[in-house]
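Data first, discussion second: the structure below is written as structure tokens.
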Amino acid sequence: MKPLFQLTRSSMIWLLVSILMVTAPYATVVPGWLFLLAVLTVGWRLMVHSGRWNFPHWSIRLVLLLLVLVGLLFELRSGSAMVITVSLLVAAFLLKLTEMYRRRDALVVLYVALLLIVCSFLFFQSIPMAFYCLLSLVVVTACLNTVYRSQQNSDIWRPLKRSAVLYMQALPMMLVLFVIFPRMGPLWQVDLNTGQSFTGLSDSLSPGDVSRLTRSADIAFRARFDGDLPPENQRYWRGLTYDRFDGRRWSRTELQQESQTSLLTQFNSAYQDYRYQIVMEATGQQWRYGLDVPLSFPATMSRLSDLTLQGGEPLMQRTQYSLVSRSAPVREPLADGHYLRYLQLPENGNERARQLALRWASEQPGVQAFTAQMLTFFARDFRYTLEPPLLSGRDSVDQFLFQTRQGFCGHFASAGAFLLRAAGIPARVVGGYLGGEMNPLDGALSVRQYEAHAWLEYWDSEDLSWHRLDPTSVVAPLRLEQSAAQLFSSEPSFLADSMLMRTGFLSGSLLKQLRLRYEALNYGWHRWVLNFHEHQTGFLRQLLGEISVIRILLLILVPGGLVLLAVAGSLFIRRGPRKDPLFLALQRLDKHLKQRGMQRLCGETPGQFFSRLGQVFPSLSDEFTALSRCYEQISYAENSDPQLQQQFRQLINRCCTQIPQS
Amino acid sequence: MRDQIEAVIKAVSSVLYGKQEQIKLALTCIFSQGHLLIEDLPGMGKTTLAHALAKVLGLDYQRLQFTSDMLPADILGVTIFDPSSNRFQFHPGPVFTQLLLADEVNRTTPKTQSALLEAMEERRVSLDGQTHPLPSPFFVIATQNPVTQQGTFPLPESQLDRFLMRIELGYPDARAERELLRGGDPRERLQTLAAVISAAELEQITQACSAVKVSDSILDYLQRLIAYSRQAPEFSFGISPRGALALLSASRSWAYIDGRDYVLPEDLQQLLGPVTGHRLRAAEDIGGFGANALIQQLLSQVDVVG
């Protein structure tokens with residue numbers, strides 16, 4: 001039987017640290033019972049290492065494997081495929097520990113550990129995680145180092161130092177490759193977030209929904225403007241519109257895409273354009289946020305007829321895009337179908353509200369007069385609160401308008417749109433965000449979930465345009481001018497999910513400074529590291545002029561080749577012959593002698609060689625004797641007399657010229 | 663000073679014909695303050711050479727014939743109770759001399775062989791808790807029969823390592839043999855030898871030898887030789903640092919005898935066999951018959967100029 005490979009002590013320690021570091025991030029991802037497997041296999045391997053137990057019999061390993069497979073099959077019913085796949089990898093990684101006989105097995109374990117480090121990026125992409133993974137890499141490499149080191153080395157830290165030095169040396173190469181290596185599209189894509197819930201707007205709206213979002217301080221998206229920022233009361237971030245009302249909930253119907261140019265002509269160029277980039281968090285939904293009204297947008301996105309933006313597919317990871325928006329009313333000659341759609345109301349219900357709308361319409365005709373009436377109505381008796389009484393009745397609009405009279409933006413938008421439609425004015429509810437917090441450190445605007453907002457738009461038949469109307473602006477004018485955090489600070493439900501966040505958002509304290517700093521860092525991280533491929537093309541174009549495979553290859557190969565050449569050169573210089581004039585002169589003689597087939601033998605001393613030459617060329621016998629004496633004096637007696645050197649060179653010259661050519 | 667060396671060589675040659683080379687080697691060994699091991703068949707003139715050297719160098723000497731029943735006390739001396747003075751008194755053994763001729767050193771048991779170890783290395787004798795310094799200078803010239811002969815206890819490596827050099831005499835050539843046969847008993851001529859140099863002169867020569875210049879290129883060559891002996895698979899072990907130092911100091915003395923004040927690669931090549939032959943062991947050589955073929959290989963495989 002072959003002798004078993006015995007891991008050294010330091011190797012074992014590093015292996016355990018590697019396993020711990022590599023599997024720790026998965027604790028929140030993989031099923032909990034894998035922890036038991038980890039304890040079992042690691043414990044068993046330790047007992048084997050200490051010589052107390054044997055490796056498990058193959059039947060035990062088989063049973064373990066089957067148990068794991070069955071367990072994972074059960075998990076398949078609840079978890080996503082990706083999580084199960086990764087769990088399988090982790091389980092295989094742990095099981096391999098129990099059959100680590102040879103060095104090759106240890107290498108397999110470590111290579112899988114490297115794979116696991118990479119896989120953890122599927123689930124976590126934050127800055128701390130990146131550093132953690134880098135640390136794991138260093139540790140695993142240190143472990144690889146110890147596996148190859150056969151003799152027992154008592155210094156445990158040495159491999160770590162070695163590995164850290166290796167990574168430091170690799171760092172410049174990594175940076176270069178990061179910047180210039182072309183990002184290729186994935187060969188396959190995994191849907192990681194299936195079954196995962198997102199905080200944010202949903203595709204239907206009932207009046208209480210938005211206030212639920214105020215419990216969350218998660219970032220919805222961040223925006224960085226190239227020029228001016230829109231004034232605070234104009235920061236309406238459009239998400240989606242709701243056009244169908246069932247008496248309680250607003251929902252949306254599928255809309256057609258709209259070509260970009262058809263709208264463009266209808267804009268009034270007197271309004272200001274805003275140019276900005278948005279880094280949007282994953283929502284699991286198709287819509288994308290943009291300021292009212294998006295004018296130009298990336299080709300991967302499309303604009304619907306309700307002027308909302310839509311991406312090609314549900315947004316599963318943080319993404320970045322650039323937009324140009326113009327804050328202006330939009331002309332749209334409503335076709336019949338559209339016209340009716342924006343007037344849709346349930347057959348009956350909310351009768352009092354309908355009557356109120358009809359009465360206003362008959363008292364003072366005209367859309368402007370109606371909206372003015374409505375705003376006055378809201379401004380008079382209504383109160384803005386995050387915790388409105390529950391609207392439990394069947395006629396929720398009536399209940400809100402005539403009984404509770406307390407509500408959040410959703411209530412006002414919903415009721416306003418109802419009134420407008422009841423009076424025969426096309427209207428829709430718009431969901432999105434209002435506001436945004438300026439981070440002075442990086443100049444980016446963070447828009448958070450608690451800034452979610454709902455307003456409405458009505459269509460004016462006089463100018464054939466959609467106009468924005470925000471009833472909240474009259475009920476709670478402060479909502480538009482202050483940050484939402486300031487406004488809501490007195491509300492107990494605001495950010496109720498996290499006391500720490502509440503303090504961080506409300507006070508102008510150190511905590512807030514820290515938070516802003518971290519967010520700026522994170523934003524840069526997302527913008528420049530995770531989404532570098534967005535900038536890469538531009539950067540490469542700046543560098544290369546025109547991007548082609550040849551140019552990129554040259555960009556990688558030429559500096560790489562230069563570095564290798566420099567290394568080779570330094571090695572050559574170090575290993576090369578000494579630049580001793582004496583030595584060079586001798587070399588010259590050697591060259592001449594070689595033509596005559598004469599060469600100093602290995603192990604032949606210069607003295608012996610010269611005397612042999614003297615016998616071969618009797619005419620030069622005296623010269624060679626003198627040469628021998630000179631060489632002896634210079635090389636061995638260390639006589640540094642310049643005259644001697646001179647004499648030596650002369651003798652060499654004479655020999656070189658007088659050696660009879662064959 | 664050189665004339666005296668010439669005279670010494672000449673005087674010894676008058677007793678041992680045709681062995682100039684070996685005489686020079688023996689002198690090299692003494693000038694490097696090392697111990698000499700002469701190995702050859704009986705009757706080749708080992709003892710004659712040792713005797714002649716002792717006489718010519720004017721050293722106080724003792725001859726010790728090693729036998730298989732010899733004990734350490736026979737070499738080192740013994741402490742005996744003296745009833746007249748009522749005290750223990752140390753009676754020094756034959757080792758307390760300037761030149762010790764250890765004849766047929768491998769005929770005695772390892773126990774007795776080891777008794778010489780401290781004397782040779784530390785130049786002192788420890789007995790009954792007391793340390794007795796040996797006279798200065800102190801040389802051991804040991805002779806031994808080849809290990810293949812019967813009734814021998816091969817010297818262990820640690821003991822061999824104490825000898826700076828091991829030389830062989832070999833048969834004399836025809837002319838020297840003729841002279842020897844014609845000249846009569848060498849032992850008689852040995853009696854007529856007188857000291858050529860004094861102890862003080864020997865000391866001077868020793869100092870002059872150690873001042874001989876060794877250039878960097880010589881050290882490079884020496885290090886290449888050492889490295890080769892340690893790496894090549896033919897050697898079961900390489901030249902030890904002590905071996906390297908021995909080679910260097912012997913080369914200095916050899917160069918001095920040759921009339922130079924600097925060492926040449928030729929000196930190293932000349933002395934590599936005598937100085938390291940008994941320290942090296944070929945990988946296949948289980949019996950330890952020396953490594954002369956290996957020395958030749960070493961010389962032909964390692965380049966002199968780097």
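Residue numbers (the working numbering), protein chains in the order written: chain A, 1 to 662; chain B, 663 to 968. By construction, the Cβ of each residue, glycine as well, lies at the ideal position given by its N, Cα and C atoms. None of the values given here were measured: they were computed from a predicted structure.
{"Query": "Residues near LYS672/B by beta carbon distance below 6 Å, same chain, minus five either side", "Result": "none"}
{"Query": "Chain B within 7 Å of GLY524/A, Cβ atoms only", "Result": "no"}
{"Query": "Below-7 Å beta-carbon distance, GLU946/B vs any chain A residue", "Result": "no"}
{"Query": "Residue-chain proximity (GLU839/B, chain A), Cβ-Cβ < 7 Å", "Result": "no"}
{"Query": "Own chain, CB closer than 6 Å to GLN677/A, minus 5 neighbours either side, in chain order", "Result": "For chain A, the structure presents residues 1 to 662; residue 677/A sits outside this window and is missing."}
{"Query": "CB-CB length for VAL42/A against ILE19/A, believed under 8 Å", "Result": "6 Å"}
{"Query": "Outcome for SER635/A when other beta-carbon atoms lying within 10 angstroms are tallied against a minimum of 16", "Result": "buried"}
{"Query": "First and last residue of the uninterrupted alpha helix (DSSP H) at ARG158/A", "Result": "158 to 180"}
{"Query": "ARG421/A beta carbon less than 7 Å from that of LEU345/A", "Result": "yes"}
{"Query": "Positions along the region 546 to 561 of chain A whose CB lies within less than 7 Å of some CB in chain B", "Result": "none"}
{"Query": "Neighbour list for VAL967/B in chain A, Cβ cutoff strictly below 7 Å", "Result": "PRO606"}
{"Query": "Alpha-carbon spacing of LEU763/B relative to SER898/B, whole angstroms", "Result": "32 Å"}
{"Query": "7 Å Cβ cutoff, CYS602/A in contact with chain B", "Result": "yes"}
{"Query": "Within 7 Å of chain B by C-beta, residues of the region 614 to 640 of chain A in sequence order", "Result": "GLU632, SER635, TYR636, ALA637 and GLU638"}
{"Query": "Residue span of the alpha helix (DSSP H) that contains ASN145/A, given as start and end", "Result": "127 to 148"}
{"Query": "Closest by C-alpha distance to ALA427/A, when choosing among THR141/A, ALA476/A, GLY51/A and VAL367/A", "Result": "VAL367/A"}
{"Query": "Interface partners of LYS616/B on chain A, CB under 7 Å", "Result": "The displayed coordinates of chain B run from 663 to 968. Any statement about residue 616/B would go beyond what the structure contains."}
{"Query": "Within 7 Å, strictly: CB atoms of ARG556/A and PRO182/A", "Result": "A small fix is needed here, since residue 556/A is Ile in this sequence, not Arg. No, the Cβ-Cβ distance between ILE556/A and PRO182/A is not below 7 Å."}
{"Query": "For SER872/B and LEU881/B, the rounded distance between their alpha carbons", "Result": "15 Å"}
{"Query": "Residues, ordered as in the chain, of the region 925 to 936 of chain B that lie near chain A by beta-carbon distance below 8 Å", "Result": "VAL925, LEU926, PRO927, GLU928 and GLN931"}
{"Query": "Those residues which DSSP pairs with ASN439/A across a bridge", "Result": "ALA444/A"}
{"Query": "Residues, ordered as in the chain, of the region 690 to 720 of chain B that lie near chain A by beta-carbon distance below 7 Å", "Result": "none"}
{"Query": "Any 3 or more C-beta pairs closer than 8 Å across the region 517 to 532 of chain A and the region 164 to 175 of chain A", "Result": "no"}
{"Query": "Unbroken stretches of the alpha helix (DSSP H), 4 residues or longer, contained in the region 727 to 793 of chain B", "Result": "734 to 738 and 772 to 784"}
{"Query": "Straight-line gap, TRP459/A to LEU334/A (C-alpha atoms, nearest Å)", "Result": "9 Å"}
{"Query": "CA-to-CA distance, ALA372/A to THR194/A, given in whole angstroms", "Result": "Here THR194/A scores only 43 on pLDDT, less than 50, and its place in the model should not be relied on; the value that follows carries that caveat. Roughly 46 Å separates the two Cα atoms."}
{"Query": "Buried/exposed call for ASN954/B, threshold 16 Cβ in 10 Å", "Result": "exposed"}
{"Query": "Three-state class that DSSP yields for HIS940/B in the structure shown", "Result": "coil"}
{"Query": "Nearest-angstrom Cα separation, counted from ARG352/A out to GLY671/A", "Result": "Any question about residue 671/A goes unanswered here, given that chain A covers just 1 to 662."}
{"Query": "Cutoff 7 Å; reference GLU519/A; Cβ partners in own chain excluding five residues on either side", "Result": "ASN439 and SER446"}
{"Query": "Simplified DSSP state of LYS512/A, which is helix, strand or coil", "Result": "helix"}
{"Query": "DSSP state of ASP273/A mapped onto helix, strand, coil", "Result": "strand"}
{"Query": "Test item: CB-CB of PHE758/B and PHE750/B under 7 Å", "Result": "no"}
{"Query": "Counterpart residues of SER325/A in DSSP-defined beta bridges", "Result": "TYR274/A and PRO294/A"}
{"Query": "Buried versus exposed call for ALA716/B [16 or more other C-beta atoms within 10 Å across all chains shown]", "Result": "buried"}
{"Query": "Top-ranked residue by Cα proximity to LEU960/B, from LEU796/B, LEU887/B, LEU761/B and VAL677/B", "Result": "LEU887/B"}
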